[in-house]
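Residue numbers (this note's numbering), protein chains in the order written: chain A, 28 to 198; chain B, 305 to 595; chain C, 25 to 825.
As structure tokens, then:
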């Protein structure tokens, strides 16, 4: 007896993806497999590591703790949606490169989405606020120092980005 | 770690949800999913049916009036935390919520969901008990109020009937002149607490008239202690705080696990009692000053 | 562009695609693959009485299920014992799928292949295995008592008993003015990269070839194992390492059962097959490391100089020993640190337990060795009432004593000879950085505020750049692009950037024109792997040598083409030109064309190399000692390891009420010789320090007496978030170049994590005033120790005379 599949329209980075998935398909898997967007990574599947963090209506959520069927009708932003419309890196991505904020890159998409939302809510974080912003994401490579620096550098870059759409978050 | 298969139902009204829930056996209700989905992924739970309440916008409301904060079943922790009315009417809620997991989890997890999950290591069940709040449980048979004291019957166990869904949690407002605080000790930032306590201090003029504390991680169900005996003089001084700590360490019965021994948790309960009572008391002076 | 790139903090070339979500990790590949779920033993020790798989094949979407009975030929034999050693007389390895017995929770019993992972897990859940549970041996004490055995034919649970000695340590200790004994223990942690293990295999029936993508630290290792086990010729197996989400040692272990089973299934099914483990599987079926119990005896003089040191330890190896004795051998040899004890004896037992196997985790046995030595140094200082840095100084090998021969064999089977270093200078830098001499004043201030603080330090030496060799290939294409390949692998260390920096400098080309590929057996088939902080030293050196070969050939061809002397030529921005006469120039791409005499032109540029365009009618187009093409291949094989060193200091505060431990300052002085890219070295140190903090204060594997791992998830295995880290990691460098390789490099990858157990034990002991002998330590455990010491009955002796 085959498993019932649901027709779900996922709105990801401004584009519609019509997928047919069982109800138990996690959003993380649907994004990676059915939508072919492999930038979102799976590190634990119990909501602790944060590698799978995407934005749901602009708010960071663990995509491993949402079913794809529950995500219909929401705007999802993944790391692939953080680059600017002209193809250049967004401010947060640019800051990570300048500050050596990534090594293996596996946890990075989860940090990028989290920080993108965090800086939108608090564009000029203090050092402590920058630390709090990333306090729910694990990284095993960097020891975090350069990620904190990346948050502050991203804030600088955004502040210097006068006018325009600002951070390239396509939702 | 992928969940076992289940039939998925997504009701479009509360009435429909209640009918589905009554009709199903071996069923779980999905709200925020932050506690439930890891259980499903690890196959520690494998219900035949899952009812997703996500479409019930009518349950997402947060209503505040002078006497009570009402949190609907689908209100996310983050929304409750941000709500200015909640902060003004019952500050203990926000003080506890900021300690629940991490902001990303709070964006999706629901306060009612946390209460119904009934983990004695969780903040919100203890807050509900401490404030003497209640939940509204609805089923096809009707609706009833369940007082917090009657809701939690065992570890991860509530007194809800098999067909009841909690649609709202009601937190009484903070009385005038009173102050609150919540703090906990955990291994890492955002982890479950090794021990934690929320405190409400009520005043009568410049005398302390009532001190009650709700504890997490030191019992099987949320534990509320009336610390009045320690503050019979009506003052919060070092001696009174010591008496309160002693009272608490005698009464809590924590269990040890790989993270902390029972003795250490008991010790923390006492230390935190001192600190948090003091913080809650300071909040009364502040409120009185501002009033 | 004439600026040298070596030593510059160049931004990484890897970053752009990783930041866009364009990383290609193993699970991102093989969209058409079918998927694996493994059935693993729920028992720590049991006999298998039967396996029923019939119910599984009925599940829709299941393609196959395999058990031991399906393994044939070499696949039916146990997995390889990778590094044999004469003292490993009772080495044991598991079967790819359990045969009659399971020896740890997590051991692979069956494999299901299905259309997706969800269905595969459903099916695996339906397999019925009959188990007859046996007593589980858990922990070093139980293994030593040997009431029960892990392997019936291994008496005492002892896989190996090894003795190494220089001089007569027992006699030296007996004759010394002062003596101490210490009993210490350190518990397991694990590498725990955020990407687990994953393998994808594609069998091409038409060509009879196997192509494998796997998250490994050794592509050539996996290739060799797969070829042997599946009876394929090496030339018919490709192993490609895609992006890897961290390794930290656990991914050097190979072949995992799944790395063999997946290609086997791909060939049997004629479909690409992919295995991606989940986090729980990583906890219970990959590898752990660090667990040891140590007994130390030391004899010393009034200055604290060690006259004799005897280290006896028991090493928990888990259920099998596929990686040989490398970890305890490293403990044995690296325990010596920067010191020269008069006489030294180290004895260890490698013990079996019914738990996950133990293979190297960043540091690979060094942390345990440093723990033994550094706790001993602190104990000596305490016994003599002397400053802990003075006691260490009295024992240092002095700068003029290099090369220093310890008289022992290191993990590469080469003599343990330190090549260079300046330990007094490192210590002076560290003391200045942390303010060692000003600390007592700070402690007083803190005490006045009712706060409890302590300072600790730990020193280590790390043998890096271990052989046997690595190779490098550098090729200039007719486009002028430079293609570089080396066989070892990358897991985030920025190899594509640092190796390009080396080539840019050696060849005089732009960084943007260089592309580096690592860990692809198609591009470079002779290699060892990434471990022991060896990549920069080994591949960096080989690539530099290969690039020099290419440069020499380019200049030779250019000299002919420009009718100039080679000595008068320079290469700038990819163009060879006569010094002082830049119009006389020829691009490297053109030289690549000229280097390959052609019969057929395929584009405009190649016309220049055809037979009627170039060549001497009286000479062979390709000389006897030459080859076509502008490429160089070379290898670096070291005489022995090159020794980096470091010293860390930390100031901690222990909460008087809650016993919580806060790191106020963390200081590192690090000597890894010349730095190719300081940004990347800094990143490695930060990451290592974070793992060290995790291992000292938060992480431990919590097994119960039945061999069940109680914290097999990130909820209960506590890796640090940013909030558990100090706000700054202060690093200062010393650079004593290595005399052993062309670039003067020493390895840097593991440095950050090595001294942490010793360091935090030292600092917390200093804060509390009683011995810390067991690490890691939690606030609850510190609270318990406080009560024991106040009440006056403390079971653990710590240091006793």
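We put the beta carbon where it would ideally sit given N, CA and C, even for glycine.
Chain A partners of residue i, CB-CB under 9 angstroms?
i	result
residue 306/B	51, 52, 53, 56 and 72
residue 272/C	167 and 168
Could you tell me which residues DSSP puts in a beta bridge with residue i?
i	result
residue 495/C	659/C
residue 748/C	Answer is none; residue 748/C lacks a bridge partner.
residue 298/C	59/C and 224/C
residue 318/C	208/C and 337/C
residue 568/B	BP columns for residue 568/B are empty, so no partner.
residue 451/B	438/B
residue 829/C	Nothing in the structure corresponds to residue 829/C, since chain C is present only between 25 and 825.
residue 669/C	485/C and 695/C
residue 507/B	512/B
residue 86/A	83/A
residue 686/C	677/C
residue 375/C	182/C and 340/C
Taking 8 angstroms as the cut-off, decide whether the C-beta atoms of residue i and residue j are in contact.
i	j	result
residue 505/B	residue 512/B	yes
residue 553/C	residue 241/C	yes
residue 424/B	residue 523/B	yes
residue 126/C	residue 732/C	no
residue 36/C	residue 156/C	no
residue 537/B	residue 548/B	no
residue 105/C	residue 113/C	no
residue 478/B	residue 452/B	no
Note down, in chain order, every chain A residue with its Cβ under 7 angstroms from the Cβ of residue i.
i	result
residue 408/B	77, 80, 87, 88, 89, 141 and 163
residue 309/B	30, 49 and 51
Relative to the C-alpha of residue i, which residue among the options is closest?
i	options	result
residue 371/C	182/C, 696/C and 504/C	182/C
residue 446/C	184/C, 700/C and 667/C	667/C
residue 543/C	276/C, 55/C and 208/C	276/C
residue 341/B	154/A, 139/A, 94/A and 155/A	94/A
residue 182/A	153/A, 167/A and 172/A	153/A
residue 562/B	735/C, 790/C and 609/C	735/C
residue 729/C	110/C, 164/C and 317/C	164/C
residue 207/C	635/C, 337/C and 617/C	337/C
residue 390/C	589/C, 248/C, 352/C and 382/C	352/C
residue 726/C	303/C, 545/C, 162/C and 685/C	162/C
residue 152/C	205/C, 76/C and 320/C	76/C
Output, in chain order, the set of chain B residues within a Cβ distance shorter than 9 angstroms of residue i.
i	result
residue 68/A	Ordered by position in chain B, no residue passes the 9 angstroms Cβ test against residue 68/A, which lies about 15 angstroms from the chain.
Would you verify that the beta carbon of residue i is, or is not, closer than 8 angstroms to some beta carbon of chain D?
i	result
residue 356/B	Going by chain labels, chain D is absent from the structure shown, which instead holds the protein chains A, B and C.
Using a Cβ cut-off of 8 angstroms, pull out every chain B residue sitting near residue i, in sequence order please.
i	result
residue 735/C	562
residue 809/C	What residue 809/C touches in chain B: nothing, since even the nearest Cβ is about 11 angstroms away.
Quick one: list the residues of chain C neighbouring residue i, beta-carbon separation under 9 angstroms, in chain order.
i	result
residue 493/B	745, 746, 747 and 748
residue 565/B	804, 805, 807 and 808
Taking Cβ-Cβ distances shorter than 7 angstroms, what residues in chain B pair up with residue i?
i	result
residue 145/C	306
Chain A partners of residue i, CB-CB under 8 angstroms?
i	result
residue 338/B	74, 89 and 92
residue 710/C	169, 170, 171, 172 and 173
Worksheet item: Does the count of Cβ pairs from the segment 271-287 of chain C and the segment 300-317 of chain C closer than 8 angstroms reach three?
Response: Taking 8 angstroms as the limit for Cβ pairs, the verdict is that the segment 300-317 of chain C does touch the segment 271-287 of chain C.
Discussion item. Under 8 angstroms: do the segment 116-125 of chain A and the segment 46-61 of chain A share three or more Cβ pairs, one atom per stretch?
Written reply: Segments in contact, no.
Item to complete: Check whether the segment 187-204 of chain C touches the segment 238-258 of chain C, taking contact to mean three or more Cβ pairs, one atom from each stretch, closer than 8 angstroms.
Response: Pairwise C-beta distances place the segment 187-204 of chain C out of contact with the segment 238-258 of chain C, as fewer than three of them are shorter than 8 angstroms.
Fill in: the segment 441-460 of chain C / the segment 472-490 of chain C touching (three or more Cβ pairs under 8 angstroms)
yes
Practice prompt. Please determine if the segment 557-566 of chain C and the segment 487-506 of chain C are in contact, where contact requires at least 3 C-beta pairs separated by less than 8 angstroms.
Written response: yes
Discussion item. If contact is defined by three or more beta carbon pairs under 8 angstroms, each pair taking one atom from either stretch, is the segment 460-469 of chain B in contact with the segment 414-434 of chain B?
Written reply: yes
Worksheet item: Between the segment 442-458 of chain B and the segment 409-418 of chain B, are three or more C-beta pairs nearer than 8 angstroms?
Response: no
Worksheet item: Do the segment 741-754 of chain C and the segment 161-175 of chain A touch if we need at least three Cβ pairs shorter than 8 angstroms?
Response: yes
Worksheet item: Can we say the segment 96-110 of chain A touches the segment 119-138 of chain A, given the rule of at least three CB pairs closer than 8 angstroms?
Response: When C-beta atoms of the segment 96-110 of chain A are compared with those of the segment 119-138 of chain A, three or more pairs fall below 8 angstroms, so the two segments count as touching.
Practice prompt. Evaluate the contact criterion for the segment 284-297 of chain C versus the segment 214-232 of chain C: three or more CB pairs, one atom per stretch, below 8 angstroms.
Written response: yes
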